[in-house]
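*Asks:*
Below you can see the structure in the form of structure tokens.
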């Protein structure tokens, strides 16, 4: 059984591609056969985050337009041999994706015994985002603890429950997971950032992971190594926890409490 | 809280402000889009369609089921579009 997981958010810049890359790597690290697909046609970026930008010859749109085979377009990861990247086209316009074409690619991956297909959605709610979520079995909704991101996530949750193949066929809804990113426990403690509980209560679903705001994320994208592989960074460890929970493990949340303040910072403010 | 905190400016506890604004806004947006409606609606719609098709040949999208709020109670609204010239279904029951 191949499971299609869409990573989506509505709002841009919240960490969809960072999340897609880390989730895909985390699954592959556990021996799963994984393809991660960039649906952001015209604004390809997953290749950079995965560190395979120099090896893109054919892309998703080439496959859909029968200009190459799927095998030719899948880029095998250098670190995990069960992990493959399918890059977005950099030149074509967003109408280059078609529902039939996307379905054909997903069917072919299923026939090739992939365990997971991670679909990295573009921002917005237009065609690319719609096609990324349409065939999903599960959705990871990436949200920042910030008003516009939370509102957009709610729109996306609405679309997941109506504009997907599962919703239309009526055979069970898409399983929704919330992933809170750029979380800053110190700012939550001081009352100027919404807490995990706030966001869960507003959106009515529980988080599958909380990724702390971390210098490791920028360092990882600078070097083309998904942050989950940076075991020294809090963000990397938090992504690893999230992957474990996706696979059914129970793990307590980490890095969600502000560090205890010392005497001086308590007296003089910190 | 440090003893010099009063010297710093800036709004206090904006997070709860954000939460309150979002709670109200998102509820309104869900009501408008018919979300938060009972999850039996799709099944109700399908079964209604089957029943109606025993008597009249209608399109698959001829039945529309939704809920909305009217004052303080919920209203279940059914709308069934019949074809221009209703042709009775051939199979009986």
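Protein chains in written order, with this note's numbering: chain A, 101 to 370; chain B, 1064 to 1156. All C-beta atoms in this analysis are idealised placements derived from N, C-alpha and C, irrespective of residue type, glycine included.
1) Taking all protein chains shown into account, decide if residue 131 of chain A is buried (16 or more other Cβ within 10 angstroms of its Cβ) or exposed.
2) Quick check: the Cα distance between residue 104 of chain A and residue 1148 of chain B, rounded to an integer number of angstroms?
3) List the residues of chain A whose Cβ lies closer than 8 Å to the Cβ of residue 1130 of chain B, in chain order.
4) Can you pull the chain B residues whose beta carbon is under 7 Å from the beta carbon of residue 294 of chain A, in chain order?
5) Rounding to the nearest angstrom, what Cα-Cα distance links residue 1144 of chain B and residue 231 of chain A in this structure?
6) Since residue 307 of chain A and residue 296 of chain A are thought to touch, with beta carbons under 8 Å apart, how far apart are those beta carbons, to the nearest angstrom?
7) Rounded to a whole number of angstroms, what is the C-alpha to C-alpha distance between residue 1086 of chain B and residue 302 of chain A?
8) Using 7 Å as the threshold, is the C-beta distance between residue 192 of chain A and residue 141 of chain A below it?
9) Apart from the five residues just before and just after residue 117 of chain A, which ones in its own chain have a Cβ nearer than 7 Å to its Cβ?
10) Between which two residues does the beta strand (DSSP E) holding residue 135 of chain A run?
11) Using a Cβ cut-off of 9 Å, which residues of the region 295 to 324 of chain A contact any Cβ in chain B, in chain order?
12) Flag residue 1089 of chain B as yes if its beta-carbon sits less than 7 Å from any beta-carbon of chain A, otherwise no.
13) Under a three-way DSSP split, which group does residue 247 of chain A fall into?
14) Counting beta carbon pairs with one atom in the region 334 to 349 of chain A and one in the region 1106 to 1118 of chain B, are three or more of them shorter than 8 Å?
15) For residue 1109 of chain B, return the contacting residues in chain A, with the cut-off set at a CB-CB distance below 7 Å.
16) Would you call the region 338 to 347 of chain A and the region 119 to 131 of chain A in contact, with 3 or more CB pairs under 8 Å?
17) Would you call the region 1092 to 1112 of chain B in contact with the region 250 to 264 of chain A, where contact means no fewer than 3 C-beta pairs closer than 8 Å?
18) Assuming residue 125 of chain A is part of the alpha helix (DSSP H), what are its boundary residues?
19) Report the neighbours of residue 1092 of chain B on chain A: residues whose CB is nearer than 9 Å to its CB, in chain order.
20) Using a Cβ-Cβ cut-off of 7 Å, state whether residue 1096 of chain B counts as contacting chain A.
21) Taking the straight line between their C-alpha atoms, what separation do you get for residue 198 of chain A and residue 114 of chain A?
22) Taking 7 Å as the cut-off, decide whether the C-beta atoms of residue 233 of chain A and residue 106 of chain A are in contact.
23) Taking all protein chains shown into account, do 16 or more other C-beta atoms lie within 10 angstroms of the C-beta of residue 1146 of chain B, making it buried, or fewer, making it exposed?
24) Bridge partners for residue 1141 of chain B per DSSP, in chain order?
25) Just tell me which of A:273, A:210, A:166 has its CA closest to the CA of residue 134 of chain A.
26) Residues of chain B with CB under 9 Å from residue 291 of chain A, in chain order?
27) Could you confirm whether any beta carbon from chain B is found closer than 7 Å to the beta carbon of residue 243 of chain A?
28) Report the three-state DSSP secondary structure of residue 285 of chain A (helix, strand or coil).
29) Kindly indicate which three-state DSSP category residue 1155 of chain B falls into: helix, strand or coil?
30) So the beta strand (DSSP E) residue 312 of chain A belongs to, where does it begin and stop?
31) The alpha helix (DSSP H) spanning residue 207 of chain A covers which residue range?
32) Run through the DSSP bridge pairs and tell me what residue 1136 of chain B is partnered with.
33) Assign residue 1127 of chain B to one of two classes, buried (16 or more other C-beta atoms within 10 Å of its C-beta) or exposed (fewer than that).
34) Rounding to the nearest angstrom, what Cα-Cα distance links residue 247 of chain A and residue 215 of chain A in this structure?
*Replies:* In this structure, then:
1) On the first chain, position 31 is the one that residue 131 of chain A refers to. Residue 131 of chain A should be labelled exposed.
2) Position 4 of the first chain holds residue 104 of chain A. Position 85 of the second chain holds residue 1148 of chain B. Taking the straight line from one Cα to the other gives about 44 Å.
3) The count along the second chain starts at 1 and reaches residue 1130 of chain B at position 67. Residues of chain A passing the Cβ test: none, with the nearest at roughly 14 Å.
4) Indexing the first chain from 1 puts residue 294 of chain A at position 194. The contacting residues are 1078, 1081, 1082.
5) Looking up residue 1144 of chain B in the second chain gives position 81. Looking up residue 231 of chain A in the first chain gives position 131. About 30 Å.
6) Against the first chain, residue 307 of chain A aligns to sequence position 207. Against the first chain, residue 296 of chain A aligns to sequence position 196. That belief holds up - the Cβ atoms of residue 307 of chain A and residue 296 of chain A are roughly 6 Å apart, short of 8 Å.
7) To locate residue 1086 of chain B, count along the second chain from 1; it is residue 23. To locate residue 302 of chain A, count along the first chain from 1; it is residue 202. Going by the C-alpha atoms only, they are around 6 Å apart.
8) For the purposes of this step, residue 192 of chain A is taken as residue 92 along the first chain, with counting starting at 1. For the purposes of this step, residue 141 of chain A is taken as residue 41 along the first chain, with counting starting at 1. Their beta carbons are under 7 Å apart, which means residue 192 of chain A touches residue 141 of chain A by this criterion.
9) Your numbering for residue 117 of chain A matches position 17 in the first chain. Around residue 117 of chain A: 145, 146, 149, 220.
10) For this step, residue 135 of chain A is matched to residue 35 along the first chain. It spans 134 to 138 - the beta strand (DSSP E) in which residue 135 of chain A sits, taken as one unbroken run.
11) 295, 298, 299, 301, 302, 303, 304
12) On the second chain, position 26 is the one that residue 1089 of chain B refers to. Yes, its Cβ sits closer than 7 Å to a Cβ of chain A.
13) As a first step, residue 247 of chain A is located in the first chain; it is residue number 147 there, counting from the start. Residue state, collapsed to three classes: helix.
14) no
15) By one-based count along the second chain, residue 1109 of chain B stands at place 46. Ordered by position in chain A, the residues that pass the 7 Å Cβ test against residue 1109 of chain B are 270.
16) yes
17) Cβ pair count under 8 Å is three or more, so yes.
18) Looking up residue 125 of chain A in the first chain gives position 25. Segment 116 to 129, the alpha helix (DSSP H) holding residue 125 of chain A.
19) Looking up residue 1092 of chain B in the second chain gives position 29. Neighbours of residue 1092 of chain B on chain A, chain order: 251, 254, 255, 258.
20) Position 33 of the second chain holds residue 1096 of chain B. Answer yes: the Cβ-Cβ gap between residue 1096 of chain B and chain A drops below 7 Å somewhere.
21) One-based indexing of the first chain puts residue 198 of chain A at position 98. One-based indexing of the first chain puts residue 114 of chain A at position 14. Approximately 26 Å between the Cα atoms of the pair.
22) Locating residue 233 of chain A in the first chain gives position 133, counting from the first residue. Locating residue 106 of chain A in the first chain gives position 6, counting from the first residue. Taking 7 Å as the Cβ cut-off, residue 233 of chain A and residue 106 of chain A qualify as a contacting pair.
23) As a position in the second chain, residue 1146 of chain B is number 83, starting the count at 1. Exposed: under 16 other Cβ atoms inside 10 Å.
24) Residue numbering aside, residue 1141 of chain B sits at position 78 when the second chain is read from its first letter. Beta-bridge pairing links residue 1141 of chain B to B:1128.
25) What you label residue 134 of chain A is simply residue 34 of the first chain in a count that begins at 1. It is A:210.
26) By one-based count along the first chain, residue 291 of chain A stands at place 191. The contacting residues are 1075, 1076, 1077, 1078, 1079.
27) Counting from 1 along the first chain, the entry for residue 243 of chain A is found at position 143. No, because no Cβ of chain B sits closer than 7 Å to the Cβ of residue 243 of chain A.
28) Residue 285 of chain A sits at position 185 when you count from the first residue of the first chain. If DSSP states are grouped into helix, strand and coil, residue 285 of chain A belongs with the helices.
29) For the purposes of this step, residue 1155 of chain B is identified with residue 92 of the second chain, where counting begins at 1. Since pLDDT at residue 1155 of chain B reaches only 46, below the 50 mark, its modelled position is unreliable, and the value read off the structure follows with that caveat. It is coil, neither helix nor strand.
30) Taking the first residue of the first chain as 1, we reach residue 312 of chain A at position 212. Where residue 312 of chain A is concerned, the enclosing beta strand (DSSP E) stretches over 307 to 312.
31) To locate residue 207 of chain A, count along the first chain from 1; it is residue 107. It spans 199 to 211 - the alpha helix (DSSP H) in which residue 207 of chain A sits, taken as one unbroken run.
32) Counting from one through the second chain, the residue named residue 1136 of chain B turns up at place 73. The partner list for residue 1136 of chain B (beta bridge, DSSP) reads B:1133.
33) Numbered from 1 along the second chain, position 64 holds the residue referred to as residue 1127 of chain B. Label assigned to residue 1127 of chain B: exposed.
34) Numbered from 1 along the first chain, position 147 holds the residue referred to as residue 247 of chain A. Numbered from 1 along the first chain, position 115 holds the residue referred to as residue 215 of chain A. Distance between the alpha carbons of residue 247 of chain A and residue 215 of chain A: 35 Å.
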